[in-house]
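J.: Numbering (the UniProt record's numbering), first residue to last: 617 to 847. Backbone N, C-alpha and C fix where the C-beta goes; we use that ideal spot for every residue, glycine too.
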Ligand code: ADP
Ligand code: ADP
């Protein structure tokens, strides 16, 4: 399970510009779809609709998960089925270990450590984020953008949802950070369906399907190979 379908979805935030115009696509179970396109093309809107920040009205099409209209499931069970890895994850005033533990309350230390390891975050697991300090007065450590993202990845590994929404950072990451994130993401994406707002070439190249959006419409779709063969 974890199959996603957008069926002729149109959406506008206000009555001026439509954000999506008749968008249809499928994310087959366990496959990865990369959304690419200029700023304002409609990528975030697709993720927001799937997570039900907004509901489609009559005549705006349908969004289905495993064949079921998402308006017919409770918001709670929908959000349990979907893991979100944001650009900037919020870190709480506690160790990285317990920050990861927020992914699933009641997780054992072993499970948290395994998730940290899959996300390449195990070396700093007892550190606190910068700006915070421990009860004995140790100062927190500065985490890079890539490390914060790996905390979010580890949290989501613990939550273990069949569907993932990923919003990649646009900021440049150094190559070693890039490699660590790539490895962590591969571990996370294994056996799940994913929709990513893709900025990194590696994510685009590794996606099963690439959707190219322009002005709220899909203008190209296919594998990396197929899209390269178009010219
Ligand atoms: P992308 O993620 O590809 O940059 P978005 O999905 O954020 O694009 O935006 C699609 C269109 O919807 C753009 O024209 C954008 O200005 C508009 N839009 C996005 N969010 C809002 C909002 N909250 N209110 C009004 N318009 C919005
Ligand atoms: P992203 O870079 O992730 O695509 P944006 O920078 O487009 O996000 O949007 C950031 C936030 O600003 C969005 O969550 C949206 O609510 C809001 N927003 C984007 N475009 C508009 C718009 N045209 N009018 C009002 N709010 C907008």
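Who sits around ligand 1, taking every residue whose Cβ is closer than 6 Å to one of its heavy atoms?
T.: 629, 630, 633, 635, 653, 655, 656, 657, 658, 659, 660 and 661
J.: Among 837, 844 and 841, which one has its Cα closest to the Cα of residue 639?
T.: Relative to residue 639, the option among 837, 844 and 841 whose CA is nearest is 837.
J.: What's the C-alpha gap between residue 800 and residue 770?
T.: 8 Å
J.: Using a Cβ-Cβ cut-off of 8 Å (strictly less than) and excluding sequence neighbours within five positions of residue 796, which residues of its own chain qualify?
T.: 736, 762 and 766
J.: Looking at residue 811: is its Cβ nearer than 9 Å to the Cβ of residue 773?
T.: The answer is no: Cβ separation not under 9 Å.
J.: Helix or strand or just coil, what does DSSP make of residue 785?
T.: Secondary structure of residue 785 (DSSP, three-state): coil.
J.: With a cut-off of 8 Å on the beta carbons, I'd call residue 672 and residue 679 a contact; round off their distance for me.
T.: That belief holds up - the Cβ atoms of residue 672 and residue 679 are roughly 7 Å apart, short of 8 Å.
J.: Among 633, 666, 629 and 657, which one has its Cα closest to the Cα of residue 643?
T.: 666
J.: Quick one: grab the DSSP three-state call for residue 707.
T.: coil
J.: Where does residue 739 fall in DSSP's three states?
T.: helix
J.: For residue 619, which of helix, strand or coil comes out of DSSP?
T.: coil
J.: Check each candidate in 832, 823 and 833 and name the one with the smallest Cα separation from residue 843.
T.: 823
J.: Considering just the uninterrupted stretch of the beta strand (DSSP E) at residue 827, what are its terminal residues?
T.: 825 to 830
J.: Taking the alpha helix (DSSP H) that residue 794 belongs to, which residues open and close that run?
T.: Counting along the chain, the alpha helix (DSSP H) containing residue 794 begins and ends at 791 to 805.
J.: State the Cα-Cα distance for the pair residue 746 and residue 620, rounded to the nearest angstrom.
T.: 38 Å
J.: Answer yes if the segment 693 to 703 comes into contact with the segment 777 to 784, meaning at least three C-beta pairs across the two stretches below 8 Å, and no otherwise.
T.: yes
J.: Under the three-state reduction of DSSP, which class applies to residue 671: helix, strand or coil?
T.: Of the three classes helix, strand and coil, the one that applies to residue 671 here is coil, per DSSP.
J.: Would a C-beta distance cut-off of 9 Å place residue 743 and residue 711 closer than the cut-off?
T.: yes
J.: Residue 650 to residue 721, Cα distance in whole Å?
T.: 30 Å
J.: Just checking my contact of residue 814 with residue 652 at CB under 8 Å: how many whole Å lie between their CB atoms?
T.: 6 Å
J.: From residue 669 to residue 798, what distance separates their C-alpha atoms?
T.: 28 Å
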